[in-house]
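Reviewing the structure listed below.
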Amino acid sequence: DIMSNRFKTARFAVNTMSVQGAIPEEGKILQERCCKEYGWSEEQSQRAVDAYAHFLNLKANMNDWEATILSPSTIINQVWRLHILDTRAYMKFCQEYAGRFIHYGVSGRDATVNVKEKRIETTKIAVMAKLG
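Next comes the structure, spelled out in structure tokens:
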């Protein structure tokens with residue numbers, strides 16, 4: 009069944025990834041921007057940036073380059089939007105981190121409610137697979 013296949017895909021992606029910290033050099037800059045933009049504490053910002061890095065790692069390992077498989081949480085989406093505003097840094101990050109560009113998909117533009125729900129469910133499955 010579809011959910012079983014998604015779980016197997018998520019399990020494979022999680023088992024083959026290796027997250028080594030959050031984001032290289034721009035991680036600290038992104039963390040500071042989150043503090044300033046959203047009024048988050050340093051600790052909240054660091055956790056959000058770490059979660060964002062893990063999410064992008066899942067996207068890369070599941071080959072979700074076109075934003076058609078996974079959907080971020082609200083907090084991860086906020087970090088991602090700040091990161092992508094610095095287009096040069098984001099493009100460089102994608103090349104170094106994933107070897108290619110990871111597209112940001114604006115929820116709602118092309119996705120129906122059913123499609124969005126499936127992406128959210130797939131993301132939850134991938135995270136559960138990661139946690140064991």
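In terms of the numbering used here, the sequence shown opens at residue 9 and continues consecutively.
We put the beta carbon where it would ideally sit given N, CA and C, even for glycine.
Per-residue DSSP class, three states only, for residue i
i, result
"residue 53", "helix"
"residue 96", "helix"
"residue 45", "helix"
"residue 58", "helix"
Contacting residues, own chain, Cβ-Cβ under 8 Å from residue i (five flanking each side not counted)
i, result
"residue 10", "Its pLDDT being 47, under 50, residue 10 is placed unreliably in this model, and the value from its coordinates should be taken loosely. Result list for residue 10: empty, nothing under 8 Å."
"residue 50", "39, 43"
Closest Cα partner of residue i within the set the options
i, options, result
"residue 38", "113, 131, 95, 72", "95"
"residue 54", "46, 67, 36, 62", "36"
"residue 138", "52, 107, 65, 105", "65"
"residue 85", "34, 51, 62", "62"
Chain-order list of residues whose beta-carbon lies under 6 Å from that of residue i (same chain, five-residue window excluded)
i, result
"residue 109", "102"
"residue 92", "98, 112"
"residue 22", "At residue 22 the pLDDT is 39, less than 50, meaning the model places this residue with poor confidence; the figure from the coordinates comes in the next sentence. Around residue 22: 137, 138."
Residues of its chain near residue i, where Cβ-Cβ distance is below 7 Å and the 5 sequence neighbours each way are ignored
i, result
"residue 87", "38, 42, 56, 57, 60"
"residue 131", "78, 79"
Residue i vs residue j beta-carbon contact at 9 Å
i, j, result
"residue 90", "residue 129", "no"
"residue 127", "residue 82", "no"
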